[in-house]
Structures are given as structure tokens and as C-alpha cells.
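Peer 1: This structure is in C-alpha cells; I'll ask about it shortly.
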Amino acid sequence: MGLGWTVHGDGRTPAPGEVVRPGERLSWPRTAGLGAQHVVAMFGATFVAPVLMGLDPNLAVMLSGIATMLFLLATRGRIPSYLGSSLAFVGVAASIRAAGGGTATVTGAMLVVGGVLFVVGLAVHGLGARVVHAVLPPVVTGAVVMIIGFNLAPVVATTYWPQDQWIALLTMAFTLSAMVVARGFVARIAVFLGLVFGYAASWVADRLFGRIHSPDASGQVTDHWRVDLSAVRHADWFGFPSLHGPEFKGSAVLLALPVVIALIAENAGHVKAVAEMTGDDLDPDLGRAIAADGAASVLATAAGGPATTTYAENIGVMAATRVYSTAAYLCAAVFAVLFGLCPKFGAVVAAVPGGVLGGITVVLYGMIGLLGAKIWNENRVDLGNPLNLVPTAAGIIIGIGGVSLRFTEDFTLDGIPLGTLVTIVGYHGLRFFAPAHLKAPPVPKTAGGPGDDGAPGLGHRA
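First residue of the sequence shown: 8, per the numbering used here; consecutive thereafter.
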């Protein structure tokens, strides 16, 4: 099934300039540690997204682990990715509820979207990645990856950072130092260490300075402790999340269907980002990845959880650690299933101070966005060409700024979906009318030239 790993080197620390490839792993204790870091990276969004949609966060965490296992099996262990709760449906869920729909209606609409995504993945797998490349060339996928990463910036600026700016600053400084200055395994778990450091620093700040007067997790400005473990004491050690079946309403499904566009682009962008980091040609696996995400979403929503998607947060962790082992993701998936069955763990993670999350996410989200620029650079996208520059510029601003386009009282496109749509439709619409010299094919990155499907070669790292 593609999940047999060889030990990289001595299993301890990769040599300078080397990476741990998807089919490799470090020693199991170190791999488990990296898996724990992936759990930390995904947990915030995976836990918060269902809360915003009115769904059970512990169920979402457990299902994210199961979805990740399914994804690794479906992609034969070639694509290191974590499937967490999709944030693309938060606005859709709010609109469905505003129109009178309940929790089952929300999950029903997401299930249909997952089914459509699965069918699209099968089509891509049958017809070849050239179909996606034709619709999503490097100039577009780079922009989509950038939108996905930088769209998260307001979350840092308005939700996490204001809760405790000084702890956020200290956590950011510590995490940056651990990533750049530290060596070996310490550098590869810098994000996890940053979380521990921030947690400890917040506890010390409570002892030295008392309560802080700032916004809490709900956004209300109050006097509160930075570290509040009261919910941990009352939470059970073991508890199975409650399940519910979906309900299907045509109006809700129509409201959610446009998200398919963003999910296809998001998957393609993530696969492209992973391919750029690993140097592997993952085009033959793109259809599998899209179909696996769709199947995982169907499974998760059928049980009452949110739809899933490949997580950019974990791609940021890989970019920082240069460890691309799918074994680490399997460990993360196992941890997620166990943590999802432990309400007390959920309470511990939910108690992570917002300032700590601010310091960590400001680094990770920025790295995600800059992977989009790396895709442009690796594929020699000419931003001096108006055909490339104009539609991506508009889409990125829309996606990052959260610009919205309201069609009816119940149907609005904004943020990532709208930015993605503007980028794709704008690029291809302008390309149809553009003069021939603006449509010249890009210079291939490698001497081998374009691949068999006509897409620019990805090349390989030394």
C-alpha cells in the first residue's frame, strides 16, 4: 500500500542539506514526535472550524485522523498531507443556518460537495493531471497557495495576537530562533517547542503579573488568566463523540456547491507545493488526492463531522522541518483518533493561550503563503507579463482581504472561494482574448523541458 518506510540514515538526524523523503522515516520515537508537531499544527483550525460551524470539535479531531489514514492509503503513501476540518465551509454553514437549516442540513450539504469532489478526482485520475494543469497552470496554483496562506493573516491579527501581544511576540521570537539557529531534531520540532515555550511563558506571566485585560477567545475584552485550566479539571478522560446523520435540502446544497472550485484548487495547490518541496512528480497522483479528499469528506460528514481538506498548516511544518515522511502523518492520525476520544485532551489544547497561537501561526501562515511565490519561481512564471500579473493580483487581494460578492441574501462568495474563482476565470478569460505574444509557453525549469502532459517540468532537488 506504499506505507513501508526505510530508515533515513542513522534514524536520528538528516545530514545537512538532506531531507527525509515520504517513503523514509526517522526512528519511531522521533517520528512520533514529529507526528505530535503535526497534531499541534492542525489542531487549532481542526478544532475551531467545527466550533464555528456548530459541530462537535472532538468528533472533528477524531474523524480528521481517520480521514488522514484513508488519504495516505488512497495515495499510496506518496503525498504527505494531513486532512483536517475545512474552513471553506464556515461561511456556507452560517448562511445555511441563517436560512433556517440545522446541523444535519449543514453536514448534508457538505457531504454532497464531498461526493462531487470525489467524482472530479476520479475524472482527473482517468483523464490525467493535464486537465487540472490546463485549468490550474503554475501561475494560478501559485496564486491559490498564496491566497490560502495569506487569507489566514486576519485570523492572527484580529483573533490570536490581540489576546496577548507580548506573549505572541516572545513565542514568535522563540519559534523563529528554534527554526533557524537550533540544529538537528530540535529545529525540526520548533513549532511544538514554541507551543510549549509559549504555554510556560503564559503561566509564568500569570504568576508575575496576574490577570490580563485583553480580548478573550470569544473576542470580549475582560480581565482573565492567560492559562485557564478549569475546563480540563471537569473534562472526562474518555468519551465517544456523539454522531448524527445528514439531511439533504436542495437550497443548502446549491449554496455549498461553489466551494468545490476552491477545494479542487486547494488540493491542486497543496499537491503542487508538496511536489515542489520533495522534488517528486506527483502529477499522476493528483486525481487520487482529490478523490481521497472527497471520499474522506463524505465519510466525515456522514458521521456528523465537518468536511475535510489537505492542510496548509502541516505543509508549513514540513517546509520548516524538511521532513516529508508520511510515517509522521500516520502517527499524527493515530494521535488525533486517540485525542478525539479524550475530552480532557481537547480541553488542554483548547486552553492554549491565544497569544501563543498568534506567535506560532504568524510564522506558519506566512510560510504557507510564500510557498505560492516559490511555485512561481520554480516554474519561472513571468509576472512582467500582464496576462499573469493582472488576474492573480486581483484574485490575491480579494482572497486575502476577504472581499465578498453577494448574489442573494443567502448566497455570498468571499475570501478563498471568490479569490480563487477570480484568478481562474480571470486568467483564462483574458488568455482567450490576449495577443499571441502574451500566451507564449513558459520556459521549462529543467533541461528536460515540459513533461509528457505539456506542463512545465518540476525538476528535482539534488
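Virtual Cβ for every residue (Gly too), placed ideally from N, Cα, C.
State the Cα-Cα distance for the pair A100 and P36, rounded to the nearest angstrom.
Peer 2: Near 40 Å, if we compare the C-alpha coordinates of P36 and A100.
Peer 1: How should V432 be labelled, buried or exposed, when 16 other C-beta atoms within 10 angstroms of its C-beta is the threshold for buried?
Peer 2: That one is exposed.
Peer 1: Between which two residues does the beta strand (DSSP E) harbouring P222 extend?
Peer 2: Counting along the chain, the beta strand (DSSP E) containing P222 begins and ends at I219 to P222.
Peer 1: Could you give the C-beta distance for G1 and G347, rounded to a whole number, given that I count them as a contact under 8 Å?
Peer 2: Outside the modelled stretch of the chain, which goes from 8 to 469, sits residue 1, for which no answer is possible.
Peer 1: Give me the Cα-Cα distance between G466 and F414, rounded to the nearest whole angstrom.
Peer 2: At G466, the pLDDT of 32 sits below 50, so the modelled position is not reliable; the number obtained from the coordinates is stated separately. Each residue's Cα considered, the two are about 43 Å apart.
Peer 1: As a quick exercise: from G422, A116, R19 and R32, pick the residue whose alpha carbon is nearest that of W12.
Peer 2: Among G422, A116, R19 and R32, the Cα nearest to that of W12 is on R32.
Peer 1: Compare the C-alpha of L201 against each of G366, H444 and A189 and name the closest.
Peer 2: For the sequence presented, residue 201 should be read as Gly rather than Leu. The residue with the shortest Cα to Cα distance from G201 is G366.
Peer 1: Roughly how many angstroms lie between the CA atoms of L425 and S34, to the nearest whole one?
Peer 2: Each residue's Cα considered, the two are about 43 Å apart.
Peer 1: Mapping the DSSP letters down to three states, classify T229 as helix, strand or coil.
Peer 2: Note: T229 maps to strand in three-state DSSP.
Peer 1: Could you please give the first and the last residue of the uninterrupted beta strand (DSSP E) stretch that includes L396?
Peer 2: Per DSSP, L396 belongs to no beta strand (DSSP E); it is in the alpha helix (DSSP H), P393 to G408.
Peer 1: Note the first and the last residue of the continuous beta strand (DSSP E) segment covering R413.
Peer 2: Counting along the chain, the beta strand (DSSP E) containing R413 begins and ends at S411 to T415.
Peer 1: I need the DSSP call for T20, collapsed to helix, strand or coil.
Peer 2: Coil at T20, not helix or strand.
Peer 1: In whole angstroms, what is the alpha-carbon distance linking V281 and I86?
Peer 2: Distance between the alpha carbons of V281 and I86: 7 Å.
Peer 1: Could you tell me which uninterrupted alpha helix (DSSP H) segments, each at least 4 residues in length, are contained entirely in the segment 308 to 371, listed from first to last along the chain?
Peer 2: If we require 4 residues or more, the alpha helix (DSSP H) runs fully inside the segment 308 to 371 come out as 319 to 328, 333 to 347 and 350 to 357.
Peer 1: Just the C-alpha distance for S411 and G422, rounded to the nearest angstrom, thanks.
Peer 2: Roughly 7 Å separates the two Cα atoms.
Peer 1: Could you give the distance in angstroms between the alpha-carbon of A334 and the alpha-carbon of F78?
Peer 2: The straight-line gap from Cα to Cα measures roughly 13 Å.
Peer 1: Distance, Cα to Cα, D471 vs F342?
Peer 2: Since the first residue shown for the chain is 8 and the last is 469, residue 471 is missing from the structure and cannot be characterised.
Peer 1: Whether or not the segment 108 to 118 and the segment 247 to 263 are in contact is what I'm after, with contact meaning three or more pairs of Cβ atoms, one per stretch, closer than 8 Å; do they touch?
Peer 2: They touch, by the three-pair rule.
Peer 1: Given a cut-off of 8 Å, decide if G311 and D63 are closer than it, judged by their beta-carbon atoms.
Peer 2: Yes.
Peer 1: Looking only at DSSP bridge pairs, what is S92 linked to?
Peer 2: Paired residues: T315.
Peer 1: What number of angstroms, rounded off, separates the C-alpha of F204 from the C-alpha of A180?
Peer 2: Spanning the two alpha carbons is a distance of roughly 11 Å.
Peer 1: From A208 to M49, what does the alpha carbon distance come to, in whole angstroms?
Peer 2: Each residue's Cα considered, the two are about 22 Å apart.
Peer 1: Can you list, in chain order, the residues of its chain whose CB lies under 6 Å from that of A296, leaving out five sequence neighbours each side?
Peer 2: Here the set comprises T82, I86, N274 and V278.
Peer 1: Reducing DSSP to helix, strand and coil, say where G11 ends up.
Peer 2: Three-state result, G11: coil.
Peer 1: What residues match up with T419 in a beta bridge as DSSP calls it?
Peer 2: T419 pairs with R413.
Peer 1: Please determine, among P442, L264, T148 and A447, the residue with the shortest C-alpha to C-alpha distance to E283.
Peer 2: Comparing Cα-Cα distances from E283 to each of P442, L264, T148 and A447, the minimum goes to T148.
Peer 1: How is the alpha helix (DSSP H) around G276 delimited, first residue to last?
Peer 2: Unbroken alpha helix (DSSP H) run through G276: V266 to T285.
Peer 1: Rounded to a whole number of angstroms, what is the C-alpha to C-alpha distance between V266 and S258?
Peer 2: Rounded to whole angstroms, V266 to S258 spans 14 Å at the Cα level.
Peer 1: Here's the rule I'm using: 16 or more other beta-carbon atoms within 10 Å means buried, otherwise exposed. How should V139 be labelled?
Peer 2: Burial call: buried.
Peer 1: Give me the DSSP bridge partner(s) of E25.
Peer 2: The partner list for E25 (beta bridge, DSSP) is empty, contrary to what the question assumes.
Peer 1: For R32, write down the residues that DSSP places opposite it in a beta bridge.
Peer 2: Paired residue(s): V14.
Peer 1: Can you name the start and end residues of the alpha helix (DSSP H) that I73 belongs to?
Peer 2: Note, I73: alpha helix (DSSP H), P64 to A81.
Peer 1: Are T317 and S304 touching if we call contact CB-CB under 8 Å?
Peer 2: Not a contact, by the Cβ cut-off of 8 Å.
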